[in-house]
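Colleague: One structure, as structure tokens, below. Some questions next.
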Amino acid sequence: MSEPADSTPALLLRRDAVGTGWSDDELARLVRAGDLVRLRRGAYVDSVLPAGPAAQHRLLVRATMAGLRRSAIVSHQSAAVLLGLPLWDVALDRVHVTRQPRAWDFTSGVVRCHVARIRDDEIVEVDGLAVTSPVRTALDLARSLPHEAAVVALDAALHAALLSHDELRARLFDVVGTPGSRSAARAVADADARSESVGESRSRVILHRWKLAPSALQFEVRRDGLLIARTDFAWEDERLVGEFDGRIKYGRLLRPGQDPGDAVFAEKRREDGIRDEDWSVTRWVWAELQRPHRLAAKVRRARERARSRLR
1 MSEPADSTPA
11 LLLRRDAVGT
21 GWSDDELARL
31 VRAGDLVRLR
41 RGAYVDSVLP
51 AGPAAQHRLL
61 VRATMAGLRR
71 SAIVSHQSAA
81 VLLGLPLWDV
91 ALDRVHVTRQ
101 PRAWDFTSGV
111 VRCHVARIRD
121 DEIVEVDGLA
131 VTSPVRTALD
141 LARSLPHEAA
151 VVALDAALHA
161 ALLSHDELRA
171 RLFDVVGTPG
181 SRSAARAVAD
191 ADARSESVGE
201 SRSRVILHRW
211 KLAPSALQFE
221 VRRDGLLIAR
231 TDFAWEDERL
241 VGEFDGRIKY
251 GRLLRPGQDP
261 GDAVFAEKRR
271 EDGIRDEDWS
281 VTRWVWAELQ
291 RPHRLAAKVR
301 RARERARSRL
311 R
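In terms of the UniProt record's numbering, the sequence shown is numbered consecutively and its last residue is 311.
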């Protein structure tokens with residue numbers, strides 16, 4: 001989930017540039033000419049910024065950590081980005097670090113400094129930076145983010161096998177009684193490694209909230225033992241499957257020689273195969289996740305139709 005190393009713009013720090021003979025006026029002229037891009041005070045890159053907030057945040061972390069003491073540990077959402085975890089509805093305008101109690105203190109417009117004990121086994125190295133481990137990062141996010149955003153991050157970490165549910169549950173005992181511990185316990189309980197995208201994770205949280213939880217995830221529809229399709233959600237008693245369409249990028253589904261129309265046709269045949277096995281299908285997209293009541297109403301109607309069909 002991380003970018004290739006050769007796609008990352010080179011980082012230039014003012015202190016290094018001045019040390020090799022550059023002046024502030026020269027740096028400002030290069031910025032005006034578009035030869036340098038200013039990331040933050042005293043930090044530049046030698047090309048256009050990479051696309052996407054996560055890629056830009058990785059650069060911001062590198063630039064910021066170069067000016068902080070080595071005792072600062074990248075944490076929370078900044079650690080999640082460096083670990084390659086997708087985030088949803090999480091601000092990435094500040095670099096989050098954690099320091100040990102009684103260590104140095106540092107705050108600025110771009111740095112959010114947390115104070116907490118971190119064990120040696122909770123620190124890993126990513127691209128030369130000290131970063132909280134996947135388990136510690138997941139728990140920090142579970143304690144500090146809204147529930148839906150926390151579950152998205154935990155699902156992704158579990159799905160990528162960066163940690164296990166047992167590890168999360170075991171570490172919950174270490175944070176009992178601390179701020180956010182109840183929220184963390186709820187997020188850990190609701191997290192599921194089977195979710196394969198942000199949209200699937202959000203869908204599951206919304207469906208649970210509206211008491212429409214599916215009976216199965218990544219459900220396989222088969223004919224005579226042969227796999228016809230694997231679907232995101234299923235309500236087995238009603239023979240209904242649900243699909244979140246926001247994750248489908250037809251370009252990624254293309255085989256050599258195919259065009260997007262071929263992929264669309266293949267998806268249509270897949271759905272026809274599901275229906276041929278006497279299953280109903282309901283689909284939703286990103287817009288409906290932004291209006292949970294509409295998603296709930298859609299799924300509720302689909303379940304009612306599916307039940308009526310089976311009578």
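In this text, a Cβ means the ideal position worked out from N, Cα and C, and glycines have one as well.
Please read all numbers here as calculations on a predicted model, not as lab measurements.
Within 10 angstroms of its Cβ, does V115 collect 16 or more other Cβ (buried), or is it exposed?
Modeller: Your numbering for residue 115 matches position 115 in the sequence shown. Classification for V115: exposed.
Colleague: To the nearest angstrom, report how far apart A17 and A54 are at their CA atoms.
Modeller: Locating residue 17 in the sequence shown gives position 17, where the first residue counts as 1. Locating residue 54 in the sequence shown gives position 54, where the first residue counts as 1. In a straight line, the C-alpha of A17 is about 26 Å away from that of A54.
Colleague: Compare the Cα-Cα distances from E288 to each of V151, V37 and S203 and report the closest residue.
Modeller: In the sequence shown, residue 288 corresponds to position 288, counting from 1. Residue S203 is the option with its Cα nearest to E288.
Colleague: Please classify V206: does DSSP put it in a helix, a strand, or coil?
Modeller: As a position in the sequence shown, residue 206 is number 206, starting the count at 1. The question names Val, but residue 206 in the sequence shown is Ile. Residue state, collapsed to three classes: helix.
Colleague: For the 8 Å Cβ check, are there 3 or more pairs between the segment 155 to 168 and the segment 126 to 138?
Modeller: The segment 155 to 168, when compared against the segment 126 to 138, does touch it at the 8 Å Cβ threshold.
Colleague: Where does V115 sit, in a helix, a strand or coil, going by DSSP?
Modeller: Residue mapping note: residue 115 aligns to position 115 of the sequence shown, counting from 1. V115 falls in the strand class under three-state DSSP.
Colleague: Grab the span of the alpha helix (DSSP H) containing L129 for me, first residue to last.
Modeller: Here residue 129 corresponds to residue number 129 of the sequence shown, with the count starting at 1. From DSSP, L129 is part of no alpha helix (DSSP H) but of the beta strand (DSSP E) over L129 to T132.
Colleague: Find the nearest neighbour of E125 within the set R269, V37, S75 and F219, judged by alpha-carbon distance.
Modeller: In the sequence shown, residue 125 corresponds to position 125, counting from 1. Looking at the Cα atoms, S75 is the closest of the given residues.
Colleague: For V175, which of helix, strand or coil comes out of DSSP?
Modeller: In the sequence shown, counting from the first residue as 1, residue 175 sits at position 175. If DSSP states are grouped into helix, strand and coil, V175 belongs with the helices.
Colleague: Is the number of C-beta pairs between the segment 135 to 153 and the segment 176 to 185 that are closer than 8 Å three or more?
Modeller: With the cut-off at 8 Å, the segment 135 to 153 and the segment 176 to 185 touch.
Colleague: Bridge partners of H96, per DSSP?
Modeller: Taking the first residue of the sequence shown as 1, we reach residue 96 at position 96. Beta-bridge pairing links H96 to R112.
Colleague: Using a Cβ-Cβ cutoff of less than 7 Å, which residues in the same chain neighbour G21 once the five nearest sequence positions on both sides are dropped?
Modeller: Within the sequence shown, residue 21 is the residue found at index 21, counting from 1. So no residue of the chain qualifies.
Colleague: Does the segment 210 to 219 come close enough to the segment 293 to 310 that 3 or more CB-CB pairs lie under 8 Å?
Modeller: Counting Cβ pairs under 8 Å, three or more are found: they touch.
Colleague: Quick check on L290: does DSSP put it in helix, strand or coil?
Modeller: For this step, residue 290 is matched to residue 290 along the sequence shown. Correcting the residue type first, residue 290 is Gln in the shown sequence and not Leu. In the structure shown, Q290 sits in coil (DSSP, three-state: anything other than H, G, I, E or B).
Colleague: Which of the three DSSP states, helix, strand or coil, is assigned to R283?
Modeller: Within the sequence shown, numbered from 1, the residue matching residue 283 stands at position 283. Of the three classes helix, strand and coil, the one that applies to R283 here is strand, per DSSP.
Colleague: Exposed or buried, D155, counting other C-beta atoms within 10 Å across all chains shown (16 or more means buried)?
Modeller: Within the sequence shown, residue 155 is the residue found at index 155, counting from 1. Buried, because 16 or more other Cβ atoms sit within 10 Å of the Cβ of D155.
Colleague: Thinking C-alpha only, which one of D89, V188, A66 and R303 is nearest A138?
Modeller: Mapped onto the sequence shown, residue 138 falls at position 138. Nearest of D89, V188, A66 and R303 to A138, Cα basis: V188.
Colleague: Can you tell which of L59, S280, G199 and V241 has its C-alpha closest to the C-alpha of P86?
Modeller: As a first step, residue 86 must be located in the sequence shown, where it is residue number 86. Among L59, S280, G199 and V241, the Cα nearest to that of P86 belongs to G199.
Colleague: Within the continuous beta strand (DSSP E) that includes V45, where are the two ends?
Modeller: Here residue 45 corresponds to residue number 45 of the sequence shown, with the count starting at 1. First-last of the beta strand (DSSP E) with V45: A43 to V45.
Colleague: My guess is that R270 and A229 are in contact by the Cβ rule of under 8 Å, so how many angstroms apart are they, rounded?
Modeller: In the sequence shown, the residue the question calls residue 270 occupies position 270. In the sequence shown, the residue the question calls residue 229 occupies position 229. Yes, R270 and A229 are in contact; Cβ-Cβ is about 5 Å, under 8 Å.
Colleague: Pull up the distance between the alpha-carbon of I73 and that of L129, whole angstroms please.
Modeller: The residue given as residue 73 occupies position 73 in the sequence shown. The residue given as residue 129 occupies position 129 in the sequence shown. The straight-line gap from Cα to Cα measures roughly 8 Å.
Colleague: Using CA atoms only, rank isn't needed, just tell me which of A43, G42, E236 and V48 is closest to A33.
Modeller: Walking along the sequence shown from the start, residue 33 turns up at place 33. Of the candidates A43, G42, E236 and V48, the one whose C-alpha sits nearest the C-alpha of A33 is V48.
Colleague: Pick out whichever of Q77, R99 and F233 has its Cα sitting closest to the Cα of S144.
Modeller: Counting from 1 along the sequence shown, the entry for residue 144 is found at position 144. Selected option, being the one with the closest Cα: Q77.
Colleague: Whole angstroms is fine: what's the gap from P214's alpha carbon to R29's?
Modeller: Sequence index remark: in the sequence shown, residue 214 carries index 214 (1-based). Sequence index remark: in the sequence shown, residue 29 carries index 29 (1-based). Computed Cα separation, rounded: 59 Å.
Colleague: Mind checking which residues open and close the beta strand (DSSP E) that includes R230?
Modeller: Looking up residue 230 in the sequence shown gives position 230. Run containing R230: L226 to W235, per the beta strand (DSSP E) assignment.
Colleague: State the Cα-Cα distance for the pair A80 and L172, rounded to the nearest angstrom.
Modeller: Numbered from 1 along the sequence shown, position 80 holds the residue referred to as residue 80. Numbered from 1 along the sequence shown, position 172 holds the residue referred to as residue 172. Each residue's alpha carbon lies about 18 Å from the other.
Colleague: In this structure, how does DSSP classify L87 when only helix, strand and coil are distinguished?
Modeller: Mapped onto the sequence shown, residue 87 falls at position 87. In the structure shown, L87 sits in coil (DSSP, three-state: anything other than H, G, I, E or B).
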